[in-house]
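Trainee:
In the UniProt record's numbering, the protein residues as written are 1 to 118.
#1: Smallest Cα separation from residue 28: which of 112, 19, 48?
#2: Look at the alpha carbon of residue 118 and the alpha carbon of residue 112, and state the distance between them as a whole number of angstroms.
#3: In angstroms with no decimal places, state the Cα-to-Cα distance between residue 103 and residue 52.
#4: With a threshold of 8 Å on Cβ separation, who are the neighbours of residue 97 within its own chain once the five nearest residues in sequence on each side are excluded?
#5: Leaving out five residues on either side along the sequence, give the residues of the same chain with a beta carbon under 7 Å from the beta carbon of residue 72.
#6: Measure the alpha-carbon distance for residue 99 versus residue 87 and round it to whole angstroms.
#7: With distance defined between alpha-carbon atoms, name the residue in 101, 91, 78, 109 nearest to residue 22.
#8: Mind reading off the beta-carbon distance from residue 69 to residue 85? Whole number of angstroms is fine, and I expect it under 8 Å.
Shown next, in the form of structure tokens:
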């Protein structure tokens, strides 16, 4: 695993881990909760959150529920990587929203804006 930072509009974000998105690397993932990013040379493909990173990695690899992500995974541009940040509870949802807003992943259906609706 390689330590890596993701630069966001609000500053750098430290990743807790990163592996190539291939089945043999699932053993390197923790069975803990967190926010994950799937990306290749196009940029960020998908951002999600889960209570078990190990299980979610396998689920996306076997059959993603998202048709756009399934297509992107079958037609990669370069190497596909899976990175994660260990975080639990309400902080997990807040981080996921911030990352989706800042990185604008290609395959996420939900988009967040910088403004809160009242």
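We put the CB at the ideal spot given by N, CA and C, even for glycine.
Mentor: So, from the data block:
#1: Position 28 of the chain shown, counted from the start, is the residue given in the question as residue 28. For residue 28, the closest C-alpha among the options 112, 19, 48 is that of 19.
#2: What you label residue 118 is simply residue 118 of the chain shown in a count that begins at 1. What you label residue 112 is simply residue 112 of the chain shown in a count that begins at 1. Any reading at residue 118 needs caution, since the residue's pLDDT is 39, under 50, leaving its predicted position unreliable; the model's value is listed next. Between residue 118 and residue 112, the C-alpha separation is close to 14 Å.
#3: Position 103 of the chain shown, counting from 1, holds the residue named residue 103. Position 52 of the chain shown, counting from 1, holds the residue named residue 52. Rounded to whole angstroms, residue 103 and residue 52 show a C-alpha spacing of 23 Å.
#4: Position 97 of the chain shown, counting from 1, holds the residue named residue 97. Only 112 meet the Cβ criterion.
#5: Counting from one through the chain shown, the residue named residue 72 turns up at place 72. Scanning its chain for C-beta atoms nearer than 7 Å, with the 5 sequence neighbours on each side dropped, one finds around residue 72 the residues 45, 106, 107, in chain order.
#6: Residue 99 sits at position 99 when you count from the first residue of the chain shown. Residue 87 sits at position 87 when you count from the first residue of the chain shown. Roughly 13 Å between the two C-alpha positions.
#7: Position 22 of the chain shown holds residue 22. Nearest option by C-alpha distance: 78.
#8: Locating residue 69 in the chain shown gives position 69, where the first residue counts as 1. Locating residue 85 in the chain shown gives position 85, where the first residue counts as 1. Actually they do not touch by this definition, with Cβ atoms about 19 Å apart.
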